[in-house]
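Engineer:
2 protein chains.
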Amino acid sequence: MPRIIKHPELRREELLDHAQALFLTRGYDKASLNDVIASAGVSKGAFYHYFASKEALLEALAERFARQALAGVQNILNAPGLDPLARLNGLLAQSRQAKIETASEAWALFETLFRPDNLVLFHRINLAASASFSPLLVKIIREGVEDGTFKTFDPEGVADILMQFGMATHDVIAKAITAGGDADMEVAIEALERRVRLYEIALDRILGLPDGSIRIGEPGYVRAVMTARRKPKADEAR
Amino acid sequence: MPRIIKHPELRREELLDHAQALFLTRGYDKASLNDVIASAGVSKGAFYHYFASKEALLEALAERFARQALAGVQNILNAPGLDPLARLNGLLAQSRQAKIETASEAWALFETLFRPDNLVLFHRINLAASASFSPLLVKIIREGVEDGTFKTFDPEGVADILMQFGMATHDVIAKAITAGGDADMEVAIEALERRVRLYEIALDRILGLPDGSIRIGEPGYVRAVMTARRKPKADEAR
DNA sequence: CTATTATACCGACCGACGGTCTATTATTCA
DNA sequence: TGAATAATAGACCGTCGGTCGGTATAATAG
Numbered sequence: 000m001p002r003i004i005k006h007p008e009l010r011r012e013e014l015l016d017h018a019q020a021l022f023l024t025r026g027y028d029k030a031s032l033n034d035v036i037a038s039a040g041v042s043k044g045a046f047y048h049y050f051a052s053k054e055a056l057l058e059a060l061a062e063r064f065a066r067q068a069l070a071g072v073q074n075i076l077n078a079p080g081l082d083p084l085a086r087l088n089g090l091l092a093q094s095r096q097a098k099i100e101t102a103s104e105a106w107a108l109f110e111t112l113f114r115p116d117n118l119v120l121f122h123r124i125n126l127a128a129s130a131s132f133s134p135l136l137v138k139i140i141r142e143g144v145e146d147g148t149f150k151t152f153d154p155e156g157v158a159d160i161l162m163q164f165g166m167a168t169h170d171v172i173a174k175a176i177t178a179g180g181d182a183d184m185e186v187a188i189e190a191l192e193r194r195v196r197l198y199e200i201a202l203d204r205i206l207g208l209p210d211g212s213i214r215i216g217e218p219g220y221v222r223a224v225m226t227a228r229r230k231p232k233a234d235e236a237r
Numbered sequence: 000m001p002r003i004i005k006h007p008e009l010r011r012e013e014l015l016d017h018a019q020a021l022f023l024t025r026g027y028d029k030a031s032l033n034d035v036i037a038s039a040g041v042s043k044g045a046f047y048h049y050f051a052s053k054e055a056l057l058e059a060l061a062e063r064f065a066r067q068a069l070a071g072v073q074n075i076l077n078a079p080g081l082d083p084l085a086r087l088n089g090l091l092a093q094s095r096q097a098k099i100e101t102a103s104e105a106w107a108l109f110e111t112l113f114r115p116d117n118l119v120l121f122h123r124i125n126l127a128a129s130a131s132f133s134p135l136l137v138k139i140i141r142e143g144v145e146d147g148t149f150k151t152f153d154p155e156g157v158a159d160i161l162m163q164f165g166m167a168t169h170d171v172i173a174k175a176i177t178a179g180g181d182a183d184m185e186v187a188i189e190a191l192e193r194r195v196r197l198y199e200i201a202l203d204r205i206l207g208l209p210d211g212s213i214r215i216g217e218p219g220y221v222r223a224v225m226t227a228r229r230k231p232k233a234d235e236a237r
């Protein structure tokens, strides 16, 4: 095999890219290291030069994922003069829109990330994302409590519930997608929209807000993701 | 090796027992099939006579776990003349007491079941338990909605939240246990009690009940589990 | 009480896996 | 230019889950 030497950081990112693709499509366990290095066109020695183990590769992947997600919401956090509720809703909207704006991509992600195969990968990403997001949420909630917008005795707890609901929403969507009986798609969509409404009202009441204050997603949010697969687009090639 | 023939169901249960012990202590991935069969004193052929795969063993384990847990709450479901709130609280109390009554055992379970190693095992048990418990919760909530005790437009959603909170409680306890800085144990216990209170109030408000209606655990619940490890008892054998 | 079939069990063996190791080629810098 | 280091290759290793041909025991029929 011809020896190709690349810029180290480039090679590392390349490995992460191929690993991510394979882990998502086949699952962490089922995608072997040999698959990864074959896909990346790299020898084992090269791989182990960059990562200490397959486990470390997973960790790096989760970290990158969380880092990218965090970068997407930084501007909202730094936006001055927003009241806590607006900030919280903005954060929710941002993370929602990041998925909606490329709806079919979002669908693909849901379909793959929440498969049983991807339990390990999902858990790692979830962990990394939680570690990144929770402090931000806590900070916002604390500010809200201080200025009287929110009412709670356990900001960390509320932040956790927020994350739980976010994950649960995705989980429920993913389950409906994989179940995928096209016949009762409408029923599934309605059930999911209802679930989102429930989460919103629950959060309103937990935080002592009037019903309708928190907005996880406007009506149609679920439908947008769920119907994204109907138009697989003409571009099925790489 | 001498050939020992046992009653099939006994052998099967035995395999499940040894597998459970090993999966809990070492984790599903790290406990190899050879470990399991060695522990059970059985050949590979014997094992594959009872289970189609290691995966199937895990499935059977989760199923047994869920079945046992369900059996523990049947009497409350069948108790006549209880109003929905009492029934719901009874169910929560039952599942709590099942863990408290052997507090050190509960602690051991927490310590093992929620370790990262046990992600796979935990997920399977969780799945099986959810499948068993959710319908019961939904039924109770529906009854409550019909007779006006509860107010919600999404009983399934509320049931899901109940399960989420239950799991989250365990998860938080387990994290505090494994973190295990004895110094700030008191702080951790207080934080956890606060979390349980938050979940209770959240559920009250989601269901349109006065604060203090839902009781996940009486004050001291968390402390009882958390301090159980202080008395490892004299019996360390077996 | 046999003969025969079905069940429970054994353990050598297999391919694939994650990971290690030595060798070799490129890059860097004095 | 040449020595040191970084980057890459690929043969090799122990262990894993799983298979297979076979054997001992139990169940059943004649």
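Note that the protein sequences, when read in sequence, are chains P and C.
Counting from 1, position 115 in the first sequence corresponds to residue 114 in numbering that gives the first Met the number 0; the numbering is continuous, with no gaps.
Counting from 1, position 81 in the second sequence corresponds to residue 80 in numbering that gives the first Met the number 0; the numbering is continuous, with no gaps.
Note that the Cβ used here is the ideal one computed from N, Cα and C, for glycine as well.
1. Short of 8 Å Cβ to Cβ, which residues in the region 143 to 158 of chain P face chain C?
2. Anything in the region 115 to 136 of chain C with a Cβ closer than 7 Å to a Cβ of chain P? List those residues in chain order, please.
3. Go ahead and pull the three-state DSSP assignment for P/D213.
4. Starting from the Cα of P/A201, find the closest Cα among C/L161, C/I176 and C/A18 and give me that residue.
5. What are the boundary residues of the alpha helix (DSSP H) that includes P/V224?
6. Whole beta strand (DSSP E) runs in the region 105 to 131 of chain P with 3 or more residues, listed along the chain?
7. Exposed or buried, which one is C/V119 when buried takes at least 16 other CB atoms within 10 Å?
8. Can you have a look at P/H169 and say buried or exposed, based on whether 16 or more other CB atoms are within 10 angstroms of its CB?
9. Between C/L197 and chain P, is there a C-beta pair that is closer than 8 Å?
10. Of all Cβ atoms in chain C, is any one closer than 8 Å to the Cβ of P/A201?
11. Take C/A127 as the anchor and find which of C/R66, C/G40 and C/R95 has the nearest alpha-carbon.
12. Taking its Cβ as the centre, do 16 or more other Cβ atoms sit within 10 Å of P/H48, making it buried, or is it exposed?
13. Looking at chain C, is there any beta carbon in it that lies within less than 8 Å of the beta carbon of P/R86?
14. On the three-state DSSP scale, how would you describe C/P154?
15. Quick one: list the residues of chain P neighbouring C/P175, beta-carbon separation under 8 Å, in chain order.
16. Under 8 Å between the Cβ atoms of P/V221 and P/V195?
17. Nearest chain C C-beta to P/I242 closer than 8 Å, yes or no?
18. Do C/F152 and C/I140 have their beta-carbon atoms positioned less than 8 Å apart in this structure?
19. Could you check which residue in C/M184, C/L191, C/T177 and C/S133 has the C-alpha nearest to that of C/F109?
20. Consult DSSP for P/K29 and reduce its assignment to one of helix, strand or coil.
21. Tell me, please, whether the region 6 to 24 of chain P touches the region 32 to 44 of chain P by the rule of three or more beta-carbon pairs shorter than 8 Å.
22. Could you check whether C/R95 and P/R204 sit closer than 8 Å to each other, using their CB atoms as the reference points?
23. Can the beta-carbon of P/L32 be found closer than 8 Å to that of P/F46?
24. Shortest alpha-carbon distance to P/A167 belongs to which of P/V186, P/G207, P/F121 and P/G143?
25. For C/H17, count the other beta carbons within 10 Å of its own beta carbon; 16 or more makes it buried, fewer makes it exposed. Which is it?
26. Under 8 Å between the Cβ atoms of P/D116 and P/G26?
27. Mind checking whether P/L84 and P/S212 have CB atoms under 8 Å apart?
28. If you follow the alpha helix (DSSP H) that C/A51 is part of, which residue opens it and which one closes it?
29. Closer than 6 Å by C-beta to P/L87: which residues in its own chain qualify, once you throw out the five before and the five after it? Chain order, please.
30. Taking 6 Å as the limit between beta carbons, can you name the residues of its chain near P/G89, skipping five residues before and five after?
31. Residues of the region 19 to 35 of chain P in Cβ contact with chain C at a cutoff of 9 Å, in chain order, please.
32. Measure from the C-beta of P/R141 to each C-beta in chain C and report whether the shortest distance is under 8 Å.
33. Short check: CB of P/E199 to CB of P/I215, under 8 Å?
Structural biologist: According to the data block:
1. T151, F152, D153, E155, G156 and V157
2. L118, V119 and H122
3. Sequence check: residue 213 of chain P is Ile here, not Asp. DSSP places P/I213 in coil when its eight states are reduced to three.
4. C/L161
5. Y220 to M225
6. none
7. buried
8. buried
9. yes
10. yes
11. C/R66
12. exposed
13. no
14. helix
15. Looking at the sequence itself, residue 175 of chain C is Ala, so the reference to Pro does not match. By Cβ distance, chain P contributes nothing, its closest Cβ being about 13 Å from C/A175, past 8 Å.
16. yes
17. The requested residue 242 of chain P is not part of the displayed model; chain P covers only 0 to 237.
18. no
19. C/T177
20. coil
21. yes
22. no
23. yes
24. P/F121
25. buried
26. yes
27. yes
28. C/A51 -> no alpha helix (DSSP H), and no H or E assigned at all.
29. I139
30. I75
31. D28
32. no
33. yes
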